[in-house]
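Numbering (the working numbering), first residue to last: 812 to 998.
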């Protein structure tokens, strides 16, 4: 994935590998909506018997990842979850992630500063589970607790695809032409 975020993650992993004298291979699907491809890449990585695996499971990989991660555990390969904890699996030895619920709350607070505390707003999320869900839920909870005059009239899944997200936003605007503002859960 070529987003700025994943480019920085890759650069950091490569720099750490160089510093530690470890070979780092960085693989990922082209988009964040290719869960099956990510699962295939995970299985390939395990078959290569690396010293460790860092995994940022996307929505489509959440359900299939635990069974594959069990094979990593059986092979003695440690796994670190990046960005999103792996649901229904205790294989990962650590999770390195942002406070995604807090990020959602911060987005809600910032939007309220711009649009005020009354009006209709909407969310275009970059998925339905994991990071996107935590950010969406943090946003909704902050609005409920701190700006009850703001009404979330629609939540759409843009599937981490800029074109789909734009189409979803246009659809929301057509249905709600007086919309005061949008929130997104990703870049």
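The beta-carbon is built from N, C-alpha and C at its ideal position, and this holds for glycine as well.
Considering only C-alpha positions, which residue in the set the options is nearest to residue i?
i: residue 896; options: 885, 949, 986, 942; result: 942
i: residue 953; options: 986, 982, 889, 994; result: 994
i: residue 860; options: 889, 842, 822; result: 889
i: residue 870; options: 974, 945, 979; result: 945
i: residue 970; options: 893, 996, 932; result: 996
i: residue 885; options: 988, 921, 863, 823; result: 863
i: residue 987; options: 830, 966, 960, 973; result: 966
i: residue 923; options: 958, 939, 911; result: 958
i: residue 883; options: 865, 831, 974; result: 865
i: residue 920; options: 904, 894, 956; result: 956
i: residue 974; options: 830, 831, 839, 844; result: 844
Pull up the distance between the alpha-carbon of residue i and that of residue j, whole angstroms please.
i: residue 932; j: residue 980; result: 11 Å
i: residue 828; j: residue 948; result: 35 Å
i: residue 820; j: residue 899; result: 25 Å
i: residue 822; j: residue 939; result: 27 Å
i: residue 937; j: residue 833; result: 33 Å
i: residue 934; j: residue 978; result: 13 Å
i: residue 873; j: residue 963; result: 27 Å
i: residue 912; j: residue 927; result: 21 Å
i: residue 867; j: residue 983; result: 30 Å
i: residue 904; j: residue 816; result: 23 Å
i: residue 814; j: residue 846; result: 17 Å
i: residue 818; j: residue 968; result: 23 Å
i: residue 841; j: residue 985; result: 30 Å
i: residue 894; j: residue 910; result: 9 Å
i: residue 887; j: residue 976; result: 40 Å
Got a sec? Which residues, its chain only, sit under 8 Å from residue i by beta carbon, not counting five neighbours each side?
i: residue 879; result: 850, 853, 854, 857
i: residue 825; result: 835, 837
Assuming residue i contacts residue j under a Cβ cut-off of 8 Å, what Cβ separation, rounded to an integer in Å, is found between them?
i: residue 950; j: residue 918; result: 6 Å
i: residue 925; j: residue 875; result: Between residue 875 and residue 925 the Cβ distance is about 40 Å, and since that is not below 8 Å, they are no contact.
i: residue 906; j: residue 916; result: That pair is no contact at about 20 Å.
Using a Cβ-Cβ cutoff of less than 7 Å, which residues in the same chain neighbour residue i once the five nearest sequence positions on both sides are dropped?
i: residue 881; result: 902
i: residue 929; result: 960, 961
i: residue 989; result: 931
i: residue 877; result: 897, 899, 900
i: residue 972; result: 842, 844
Going along the chain, which residues of its own chain have a beta-carbon closer than 6 Å to the beta-carbon of residue i, five neighbours each way excluded?
i: residue 1039; result: The question about residue 1039 has no answer, for the chain in this structure spans 812 to 998.
For chain B, find out if any of its Cβ atoms is closer than 8 Å to the Cβ of residue i; answer yes or no.
i: residue 930; result: No chain B appears in this structure, which consists of one protein chain only.
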